[in-house]
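If you want our numbering, it's the position in the sequence shown, counting the first as 1, plus 1.
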Amino acid sequence: MDCSYRVRIGSKAICFCDRVVEASSLLTMFERGSTFPKAIYGPEGCGKTTLLKYLVHRVSEVDSAIAVYIDALKGNDPAEAVFSSVRATYEVASAIAVELPIGMALAEKVLQLFKRLHERISLRGKKVLLVVDDVYRAIGLESAERYTKSMYE
Ligand SMILES: Nc1ncnc2c1ncn2[C@@H]1O[C@H](COP(=O)(O)OP(=O)(O)OP(=O)(O)O)[C@@H](O)[C@H]1O
Ligand SMILES: [Mg+2]
2 MDCSYRVRIG SKAICFCDRV VEASSLLTMF ERGSTFPKAI YGPEGCGKTT LLKYLVHRVS
62 EVDSAIAVYI DALKGNDPAE AVFSSVRATY EVASAIAVEL PIGMALAEKV LQLFKRLHER
122 ISLRGKKVLL VVDDVYRAIG LESAERYTKS MYE
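Rendered as structure tokens:
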């Protein structure tokens, strides 16, 4: 159990629990670095989003690391569609996600997002974690291959 990160359920906030193996495996992957995008899948409600947000939280605590979380299903509010350990990400995200739905616009423009972010703060020597949650649901399964390949490139 890790009470440094809490999950909201209604009016209650409970400690992040279990997922020790999954969290440590993802953090190790992050520390080692990877040129391949990773897809995480599982049954509805099994805890994918919570695990990924926890990962973003842990990486946000690392000096010289940058974490960006995009919720591809969030439509109207940039504050809901993106979370980052770096303040400049919000300004860059608002500038490039001019069309709706915002989450999907950001998911499609991640390369632009990081290019613009790099103009604001140097990413040189930094480790970057990008999470795009629910992206296959947002773009449709028929676009999964195209999207994954674009991430790889
Ligand atoms: N590790 C955890 N610790 C505590 N609560 C958790 C944990 N993982 C999931 N939950 C609880 O389960 C609920 C569902 O989890 P979550 O939204 O992360 O699932 P999901 O797999 O992303 O669902 P969906 O398929 O709908 O996207 C969360 O709101 C949270 O209350
Ligand atoms: Mg989810």
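Built from N, CA and C at the ideal position, the CB exists for glycine as well.
Distance CB(residue i)-CB(residue j) smaller than 8 Å
i, j, result
"V129", "I71", "no"
"A98", "V136", "no"
"I140", "Y153", "no"
"G104", "L74", "yes"
"R121", "A96", "no"
Integer Cβ distance of residue i from residue j, believed to fall under 8 Å
i, j, result
"S24", "L53", "Before going on, a small fix: residue 24 reads as Ala here, not Ser. So it is not a contact: roughly 10 Å between Cβ atoms."
"V93", "R117", "4 Å"
"G126", "S85", "No, G126 and S85 are not in contact; Cβ-Cβ is about 18 Å, not under 8 Å."
"V8", "A14", "7 Å"
Unbroken alpha helix (DSSP H) run spanning residue i, endpoints
i, result
"V22", "V21 to R33"
"K128", "No alpha helix (DSSP H) holds K128; the beta strand (DSSP E) holding it covers K128 to D134."
"S151", "A145 to Y153"
"Y42", "Neither: Y42 is in no alpha helix (DSSP H) and is coded neither H nor E."
"L52", "K49 to S61"
Beta strand (DSSP E) segment containing residue i, residue limits
i, result
"S5", "D3 to I10"
"C18", "Unbroken run through C18: none, as it is neither H nor E."
| Is it true that the segment 38-51 meets the segment 110-129, where meeting means three or more beta-carbon pairs spaced less than 8 Å apart? | No contact exists between the segment 38-51 and the segment 110-129.
| query | Counting Cβ pairs, one atom from each stretch, are 3 or more of them under 8 Å apart for the segment 70-78 and the segment 23-37? | reply | Short answer: they don't touch.
| task | Please specify which runs of the alpha helix (DSSP H), each continuous and at least 4 residues long, are wholly inside the segment 70-124, giving them in chain order. | result | Within the segment 70-124, the complete alpha helix (DSSP H) segments of 4 residues or longer fall at 79-82, 89-97, 103-109 and 111-121, listed in chain order.
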